[in-house]
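Colleague: Quick one: the structure is below, and I'll ask about it shortly.
Numbering (this note's numbering), first residue to last: 3 to 157.
Put into structure tokens, the structure is as follows:
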């Protein structure tokens, strides 16, 4: 048996936000390039996954919402990075118009918020922050809905 070192992973969350056929993406500047992503970020000490997703949504978009389901957990290792990410995506199906909202991003990474159709997202696929952005949307459109109660935290 080969002894491998344990995987060092970075725990992140993402908010897949849907309203009337549009998805909420944030525009960020990453290494001098504009990228599109779901509102997402790292889990902070003492937070559970749902709290972290709600916080990231509020910080990056100014939008407060209640999640409706868990979409899934994804493992991703960018080719140009030593980091491996474990990303838990949470669904926010909005029932009413989101109204005006703007980034309240304390990190200053978010340039703007955009409500985009699937076709518009497909057009900017080369500018997506990672393939997980598109995969999450495809899983959502495919009907994936997992119970939030399955996300346990003992912290």
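For every residue, glycine included, the Cβ atom is placed at its ideal position computed from N, Cα and C. Computed from a predicted model, the values in this text were never measured in an experiment.
(1) By the three-class DSSP mapping on this structure, what secondary structure does residue 93 have?
(2) Under a Cβ-count criterion, where at least 16 other Cβ atoms within 10 Å of its own Cβ denotes burial, should residue 14 be classed as buried or exposed?
(3) Candidates 155, 133, 154: which alpha carbon is nearest residue 38's?
(4) Could you compute how far the alpha carbon of residue 60 sits from the alpha carbon of residue 53?
(5) Which class does residue 35 belong to by DSSP, given the choice of helix, strand or coil?
(6) Please name the residue in 123, 121, 67 whose C-alpha comes closest to that of residue 97.
Modeller: Quick answer:
(1) Within the chain shown, the letter at position 91 stands for residue 93. Correct three-state label for residue 93: strand.
(2) Taking the first residue of the chain shown as 1, we reach residue 14 at position 12. Answer is buried; the Cβ neighbour count reaches 16.
(3) Within the chain shown, numbered from 1, the residue matching residue 38 stands at position 36. Nearest C-alpha to residue 38: 133.
(4) To locate residue 60, count along the chain shown from 1; it is residue 58. To locate residue 53, count along the chain shown from 1; it is residue 51. Spanning the two alpha carbons is a distance of roughly 11 Å.
(5) To locate residue 35, count along the chain shown from 1; it is residue 33. Residue 35: strand per DSSP, three-state reduction.
(6) As a first step, residue 97 is located in the chain shown; it is residue number 95 there, counting from the start. Per the Cα distances, 67.
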